[in-house]
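J.: Read in order, the letters of the sequence shown correspond to residues 8 to 389 in our numbering. No residue lacks a Cβ here, since even glycine has one placed at the ideal position from N, Cα and C.
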Amino acid sequence: MQNFTFYNPVKIIFGRDTVSKIGREAAKAGKKALLVYGGGSIKKNGVYATVAGSLSKNGLTFIEHSGVRPNPVLTHAHEGVKKAKENGCDLIIAAGGGSVIDEAKAIAAGARYNGDVWDFFTGAAAIKDAVALFTVLTIPATGSEMNSGCVVTNEATKQKYNAGSPRLFPRVSILDPETTMSLPREQAANGAVDALAHLIEGYFTAEDTDVMMTDELVHAIARSVIASTDRIMADPKDYNARASMMWSATLALNGLQALGYGGGNFINHAIEHSLSAIYDIAHGAGLAIVLPAWFKYHLKMDGPGRLVKFGEAAFGAHNAEETVLAFESWFRKIGAPVRLSEARIPSADIPKIAENAMGLIAKWEIAGYDRKTVEEILQKAA
Ligand code: NZQ
Ligand code: ZN
């Protein structure tokens, strides 16, 4: 087990009827909020009304920044930065999924910076300050509600890049599982795949594999994601399944999931981000395509290794091959695509996708993956 430092200051308020607490929490940071949200799901499921009511009740005014797209884009983040600056917003409230929270994080950093917020994504500048951020999460998936990273796509360059800083940890995140009851099945599936992917990246690329505590934690979260998603698919109104799923996805990327592993990388994410950058497909759907292909490549290159242990713990699989098949069939079962063609991505595009992925592979300094290797992996998803 390798040395580590763990820091996570996010206050989590979890459970039924908790969205109305947002105003009291936000009032501790300021008076004027920028309320960031997406295409309107929060208006349909009542989250918007509860947030707006709670803000007014606690003496806050707010400016709206709506229309955040799934796979949030830089130009829209620029608009948000402008609004936050022009209106002197002293806090930001993100109500929605990972896309909304991520764009809100970019705006929080951009509002306290004189240059282009994209500088934080390319590494041209480091985030030194950010406006206080509060979130109301409505989809269990990314873990953005309890981590310090964000991902935005530069539409002009087709780069889907990340930025991060301890300044980007939300002050408070509210997780009310009832808000997730309105999720379309497809989004519930995407979220489940993403949460599993976050566990897989650290677990399978660990430098040190003798870390019992983190292994057991990862197995437990993975089992919970799988079992709660199965229950949600059978009964979308199953509150306890929604609750387990929501907390599991948060735990899958709040830092705990890789403690002691040392090293590690996010290779599947590096490849997936090029799929969602080029074709604008959902991140979870992209991962469902990449992961089985990467597992096949990993098995060929590195042997059964951790596939046996993970597969046994998560699916009751007996060997590495069974584990790979179990992943693929579970993704299929919940309705996620597992081949490029199922997402209408032509295999003739593989060289282009690989070329795009090399941007993040270089940025994240992932060793051992050149363009040809990425093409070989993607061929297994053709
Ligand atoms: O836009 P609205 O109308 O809100 O609809 C959204 C959107 O269409 C809908 N939705 C969300 N909650 C809902 C709901 N519909 C009905 N009822 C609800 N309760 O779901 C759709 C997808 O939302 P999105 O926010 O895009 O999903 P997700 O949370 O999966 O976020 C994906 C984004 O996060 C990034 C991904 O790359 C992608 O851009 N990631 C962020 C990470 C992070 N910050 O740590 C890590 C991840 O690996 C990931 O890269
Ligand atoms: Zn992810």
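Give me the DSSP bridge partner(s) of Y120.
T.: Paired residue(s): none; Y120 is not in a bridge.
J.: Give the list of continuous alpha helix (DSSP H) stretches no shorter than 4 residues that lie fully inside the segment 295-348.
T.: 312-322, 327-340
J.: Does the distance from the CB of P79 to the CB of T160 come in under 8 Å?
T.: T160 is positioned such that its CB atom lies closer than 8 Å to that of P79.
J.: Given A350, which residues of its chain have a CB within under 8 Å of its CB, disregarding the five upstream and five downstream residues?
T.: L282, Y286, I288, A292, G293, I296, P344
J.: Just curious, the alpha helix (DSSP H) that Q166 is in, first and last residue?
T.: Q166 -> not in any alpha helix (DSSP H); beta strand (DSSP E) instead, spanning 166-171.
J.: Is M188 near K244, with beta carbons less than 8 Å apart?
T.: yes
J.: Is there contact between the segment 218-238 and the segment 311-326, where contact requires at least three CB pairs shorter than 8 Å?
T.: Between the segment 218-238 and the segment 311-326 there are three or more inter-stretch CB-CB distances shorter than 8 Å, so the stretches are counted as touching.
J.: V143 and I29 look like a contact to me (Cβ under 8 Å); what is the Cβ gap, rounded to whole Å?
T.: 6 Å
J.: Using a Cβ-based criterion (distance less than 7 Å to any ligand heavy atom), does A204 qualify as near ligand 2?
T.: yes
J.: Between the alpha carbons of D24 and P353, how many angstroms are there, rounded?
T.: Using only the alpha carbons, I get a separation of about 45 Å.
J.: Closest to K307 by C-alpha separation, out of K38, I384, Q9, A229, would be which residue?
T.: I384
J.: Determine which residues share a DSSP beta bridge with C96 and list them.
T.: The partner list for C96 (beta bridge, DSSP) is empty, contrary to what the question assumes.
J.: Do I108 and L41 have their CB atoms nearer than 8 Å?
T.: no
J.: Report yes if the C-beta distance between V331 and A361 is below 8 Å; otherwise report no.
T.: Going by beta carbons, V331 and A361 fall outside the 8 Å limit.
J.: Count Cβ pairs between the segment 209-218 and the segment 247-256 that sit closer than 8 Å; are there 3 or more?
T.: no
J.: Express the C-alpha separation of R174 and V124 in angstroms, rounding to a whole number.
T.: 14 Å
J.: Run through the segment 355-382 for me and flag every whole alpha helix (DSSP H) of 4 or more residues, listed as ranges in chain order.
T.: 357-370
J.: State the DSSP-derived secondary structure class of N197, mapped to helix, strand or coil.
T.: helix
J.: Closest to A1 by C-alpha separation, out of F11, I341, L347, P299, would be which residue?
T.: Given that the chain is displayed from residue 8 to residue 389, the structure contains no residue 1 and the question cannot be resolved.
J.: For the alpha helix (DSSP H) containing V58, name the first residue and the last one.
T.: Per DSSP, V58 belongs to the alpha helix (DSSP H) from 54-64.
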